[in-house]
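Below is one structure, written out as structure tokens; comments come after it.
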Amino acid sequence: MSYGDPNNPYGQQPQQPQGQPYGYPQQPQGQPGYGYPQQAPQGVPPQQGHGYPQQPQPGYQAQPPGGYGFVHLPALGTVQLASMGSRFGARLIDGVVIGVIYGIFMTVGVFSAMGLAEEGDKCDWEAADYYACQDEANMNALFVGLGVMAALALITLLYEWMMISFAGATLGKMAVGIKVVKDDTGQAPGIGGGFVRWVIPQLGGILCGIGTLLVFLSPFWDNSGRQVGWHDKAAHTVVIKKP
Numbered sequence: 001m002s003y004g005d006p007n008n009p010y011g012q013q014p015q016q017p018q019g020q021p022y023g024y025p026q027q028p029q030g031q032p033g034y035g036y037p038q039q040a041p042q043g044v045p046p047q048q049g050h051g052y053p054q055q056p057q058p059g060y061q062a063q064p065p066g067g068y069g070f071v072h073l074p075a076l077g078t079v080q081l082a083s084m085g086s087r088f089g090a091r092l093i094d095g096v097v098i099g100v101i102y103g104i105f106m107t108v109g110v111f112s113a114m115g116l117a118e119e120g121d122k123c124d125w126e127a128a129d130y131y132a133c134q135d136e137a138n139m140n141a142l143f144v145g146l147g148v149m150a151a152l153a154l155i156t157l158l159y160e161w162m163m164i165s166f167a168g169a170t171l172g173k174m175a176v177g178i179k180v181v182k183d184d185t186g187q188a189p190g191i192g193g194g195f196v197r198w199v200i201p202q203l204g205g206i207l208c209g210i211g212t213l214l215v216f217l218s219p220f221w222d223n224s225g226r227q228v229g230w231h232d233k234a235a236h237t238v239v240i241k242k243p
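So the sequence shown is numbered by the UniProt record's numbering: it starts at 1 and just counts up by one.
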């Protein structure tokens with residue numbers, strides 16, 4: 001008489017499925033489990049690591065296909081960043097252009113002011129309105145000087161602001177083949193972006209020009225590897241070589 005399993009009164013040993021080691025449960029066919037590689041669903045490529053790969057974020061990337069010194073921008077693809085040497089060369093050319101414009105306006109303004117001041121010498125010193133005549137000539141010369149200064153300030157503003165806003169480049173940048181674009185669209189910065197990019201260095205000029213110099217040198221210590229200056233970060237722009 002057997003005192004074993006009541007469901008097996010005859011004491012027979014259970015039969016082990018063929019091909020399955022004794023003591024291990026049989027793995028259901030087609031079902032993933034411990035020690036069995038899980039098959040990827042049909043039509044889905046195998047993934048490396050856990051989960052699905054992250055999709056590339058819009059805007060520029062730190063290491064695009066071209067490697068260091070390149071950037072991936074929407075609508076432009078992978079383009080090369082502008083070197084600091086080319087950006088410095090563009091500033092020099094722009095300085096020469098602005099200097100020539102300043103020279104022309106200053107020459108015209110000085111000669112005009114001198115001509116108006118000399119009008120005071122023609123005033124009749126014996127006339128009752130002699131001093132009024134002198135004051136009028138001096139005021140006219142002063143207004144010419146102030147007008148020339150205002151015109152130069154306006155030209156400086158419009159030259160950098162408008163050209164960067166709509167063309168993405170000043171004459172200097174065009175000459176060396178570089179361009180300023182938005183980092184999220186790859187297009188010209190527009191009125192707002194162009195103004196922000198222009199005004200940041202101007203505000204730096206309050207500190208005797210030291211702030212402006214630091215703004216222009218700030219791409220050297222940009223840790224993103226994209227040579228983005230403080231004014232570019234504020235305007236969300238990046239300087240690239242023309243595609």
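Cβ coordinates follow ideal geometry from the N, Cα and C atoms, glycine included.
It should be emphasised that the depicted structure is a prediction, and the values quoted were computed from it without experimental measurement.
Rounded straight-line distance, which links the Cα of residue j to that of residue i
{"i": "Val110", "j": "Gly77", "result": "51 Å"}
{"i": "Gly69", "j": "Arg226", "result": "7 Å"}
{"i": "Gly89", "j": "Ile98", "result": "14 Å"}
{"i": "Pro58", "j": "Thr185", "result": "A caution first: Pro58 carries a pLDDT of 49, below 50, which makes its placement in the model unreliable, though a value can still be read off. Going by the C-alpha atoms only, they are around 9 Å apart."}
{"i": "Phe105", "j": "Glu126", "result": "37 Å"}
{"i": "residue 247", "j": "Val148", "result": "Here the chain has residues from 1 to 243 only, and residue 247 is not among them."}
{"i": "Leu157", "j": "Gly194", "result": "10 Å"}
{"i": "Arg87", "j": "Lys173", "result": "7 Å"}
{"i": "Met139", "j": "Ala117", "result": "9 Å"}
{"i": "Leu213", "j": "Val96", "result": "18 Å"}
{"i": "Tyr60", "j": "Ile200", "result": "At Tyr60, the pLDDT of 46 sits below 50, so the modelled position is not reliable; the number obtained from the coordinates is stated separately. Cα to Cα, Tyr60 sits roughly 22 Å from Ile200."}
As assigned by DSSP and simplified to three states, the class of residue i
{"i": "Leu76", "result": "coil"}
{"i": "Lys242", "result": "coil"}
{"i": "Thr185", "result": "coil"}
{"i": "Gly35", "result": "With a pLDDT of 48 at Gly35, under the threshold of 50, the modelled position of this residue cannot be trusted; read the value that follows with caution. Of the three classes helix, strand and coil, the one that applies to Gly35 here is coil, per DSSP."}
{"i": "Tyr60", "result": "Reliability of the predicted coordinates at Tyr60 is poor, the pLDDT of 46 falling under 50, and the value obtained from them is presented with this limitation in mind. Of the three classes helix, strand and coil, the one that applies to Tyr60 here is coil, per DSSP."}
Same chain, Cβ closer than 8 Å to residue i, neighbours up to 5 away in sequence not counted
{"i": "Arg197", "result": "Ile164, Val180, Pro189, His231, Asp232, Ala234, Ala235 and Thr237"}
{"i": "Gln134", "result": "Gly120 and Cys123"}
Own chain residues within Cβ distance below 7 Å of residue i, not counting five before or after
{"i": "Leu242", "result": "The displayed chain sequence assigns Lys, not Leu, to residue 242. Taken in chain order, the residues that qualify are Gly177, Ile178 and Lys179."}
{"i": "Ile101", "result": "Ile155"}
Own chain partners of residue i with C-beta closer than 6 Å, once the 5 adjacent residues on each side are dropped
{"i": "Leu217", "result": "none"}
{"i": "Ala82", "result": "Ile178, Val239, Ile240 and Lys241"}
Residue interval of the alpha helix (DSSP H) (run including residue i)
{"i": "Val176", "result": "Leu171 to Val176"}
{"i": "Gly229", "result": "It is not in any alpha helix (DSSP H) - Gly229 carries neither H nor E in the DSSP assignment."}
{"i": "Cys208", "result": "Where Cys208 is concerned, there is no enclosing alpha helix (DSSP H), given that its DSSP letter is neither H nor E."}
{"i": "Glu119", "result": "Note, Glu119: premise wrong, no alpha helix (DSSP H); not H, not E."}
{"i": "Asn140", "result": "Tyr130 to Phe166"}
C-beta neighbour in chain C for residue i, strict 7 Å
{"i": "Ala153", "result": "Reference to chain C is not applicable here, since this structure consists of a single protein chain."}
Any non-hydrogen atom of the ligand GTP within 6 Å of residue i CB
{"i": "Leu73", "result": "Ligands in the displayed structure: none, and consequently the ligand GTP is not present."}
Per-residue burial, residue i [other beta carbons within 10 Å of its own, 16 or more giving buried]
{"i": "Ile240", "result": "buried"}
{"i": "Thr107", "result": "exposed"}
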